[in-house]
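The numbers in the working numbering rise by one with no breaks, and the one at position 369 of the sequence shown is 358. Below is one structure, written out as structure tokens; comments come after it.
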Amino acid sequence: MKIMLFVCGEGLGHTSRCISLAQQMKASGHEVLMGAYGYSKDLIETKGLRTAEMVPEIQLVGDSGSLDLKSSVIATIKSGQFLGIGKVHRMLKDFDPDIVVSDSYYTGILSAWMRKKPVYLMVNQSNMEEFFMRKSFFMRSLGKITKRFYSMVFRKVDGIIIPDFPMPNTICKYNLDLEERVLDSVFYSGPLVGKKYKEVRAAELTRPHVLSTIGGFGYREPLFHKVIETARLDRNINYTLLSGPSIDPDKFTGLPKNVTIMKFIEDQFPYLKGSDLVIAPGGHSMMMEALSFGVPMLSFPDMGHSEQEKNATSLEEEGCGKRLDYSISPEKLLDHIHQLIEDDAYKEKAQYLRSLSHALNGPEAITEMLGSKYLNQDSQK
């Protein structure tokens, strides 16, 4: 098959899981073109995958640990980038794929319909209108329009792919609000993780070890420093902190010996496998990676980001992590770190999900499903 894979580039979670899927598609003999933009496109190209440059659909604006929805909407409208459907349409015409898969990039879906191409939506949230609740009248009205649009998309796509564990273990379950009429088209693939657990050699880290992917920039910077202060309270627990590509780790001086700060890890899976605990925001893909490697997680969802907040709530209810917030004290954070490292119940649940992820093999499952659908469509012509 010729497969067009569109990637929403807001955050690297969509990018990482699409890279995993595209690599499996290529390994299965299919021709894949990925539509991406910004640093998402740059990362995809480092993996040797063919890409075409798209325009962003949205611009996210945040401050002090929270998502500013109104500013994000205004920035998106001002940019005019939502008018990029013409560019996407021309690209689809030139590539002429057999199947289109869109990871939360809705311009790609609209263009696929215009080209009369089978299109599958990959998504871990179907209740986006909740972003607009408890806002101004204008924002609530915009939320209702958003819900009508997404509901129409869910009804008309050829299939909906949920890159998560099947129910009842679905981490994103509180972010799913699908009409009964579309349930037959939903496919729970299992996590899409860049590497399999057995393929990865664990980094040689001093245990117990905590991996923090919070990042030392923007509204998450105060939490980054709070993790460092927590590390000072118990020097027997070791930490690797990822500061992010835009932050120079050398600016952090006077660090305790149990803390290592790294600007960027090209391949974080060895560090993930060598750690006892992950501290991260509430992004869905990071949770899938941690649980697919059997590592419990302390989640700090961005304030006002309902999707991340619900992911973190589900993580805690599943017994494989905890939901925390930015106001926590270093002393209380240390208590939670001790609990997740020392309580075997958290580790056992995370290990169960690791074995489930291995059995599901999300990238292979999606590739086989699409191949089966394509063959059925071809035989009916």
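Glycine is no exception: its CB is placed at the ideal position from the N, C-alpha and C atoms. All values reported here derive from a predicted model rather than from experimental measurement.
- In the DSSP assignment, T40 forms a beta bridge with M23.
- Per DSSP, S274 is one residue of the alpha helix (DSSP H) stretching across 273 to 281.
- Only exposed fits A16, as fewer than 16 other CB atoms lie within 10 angstroms of its CB.
- Taking the Cβ atoms as the reference, I160 lies roughly 6 Å from M276, within the contact range of under 8 Å.
- Contact between the segment 192 to 203 and the segment 250 to 268 is present, with at least three C-beta pairs closer than 8 Å.
- Here the C-alpha atom of G272 lies approximately 20 Å from the C-alpha atom of Y228.
- Judged by DSSP in its simplified three-state form, S5 adopts helix.
- Burial state of T40 is buried, judged by a 10 Å Cβ sphere holding 16 or more other Cβ atoms.
- Here T219 is buried: its Cβ has 16 or more other Cβ atoms, across all protein chains shown, within 10 Å.
- Spatial neighbours of C309 in its own chain (CB-CB distance under 8 Å, excluding positions within 5 residues in sequence) are listed in chain order as L280, P285, M286, Y335, K338, A339, L342.
- Within the segment 255 to 328, the complete beta strand (DSSP E) segments at least 3 residues long are 266 to 269, 286 to 288, 310 to 312, listed from N- to C-terminus.
- DSSP links V90 through a beta bridge to L(-6), Y109.
- Rounded to whole angstroms, the separation of the alpha carbons of V189 and I268 is 20 Å.
- The beta carbon of G283 sits closer than 6 Å to those of A339, Q340, R343, all from its chain and outside the five residues before and after it, given in chain order.
- In the DSSP assignment, F84 falls outside any beta strand (DSSP E) and within the unbroken alpha helix (DSSP H) covering 74 to 84.
- Assignment of beta-bridge partners to S140 by DSSP yields no partner.
- Burial check for A348: the Cβ neighbour count within 10 Å stays below 16, so the residue is exposed.
- Here the alpha carbon of E168 sits roughly 15 Å from the alpha carbon of I151.
- In the structure shown, T96 falls within a helical segment according to DSSP collapsed to helix, strand and coil.
- Contact annotation: the segment 93 to 107 touches the segment 138 to 152, with at least three C-beta pairs closer than 8 Å.
- Around the CB of P180, 16 or more other CB atoms lie within 10 Å, so the residue is classed as buried.
- Runs of the beta strand (DSSP E) spanning 3 or more residues and lying entirely within the segment 217 to 249 occur at 227 to 231, in chain order.
- By the neighbour-count criterion, in which 16 or more other beta carbons inside 10 Å mark a residue as buried, N113 falls on the buried side.
- The alpha-carbon of E298 is positioned some 7 Å away from that of D291.
- Burial is judged here by how many other beta carbons sit within 10 angstroms of a residue's own beta carbon; Q366 has fewer than 16 and is exposed.
- Beta-bridge analysis with DSSP links M251 to L231.
- Here DSSP, grouped into helix, strand and coil, assigns G204 to coil.
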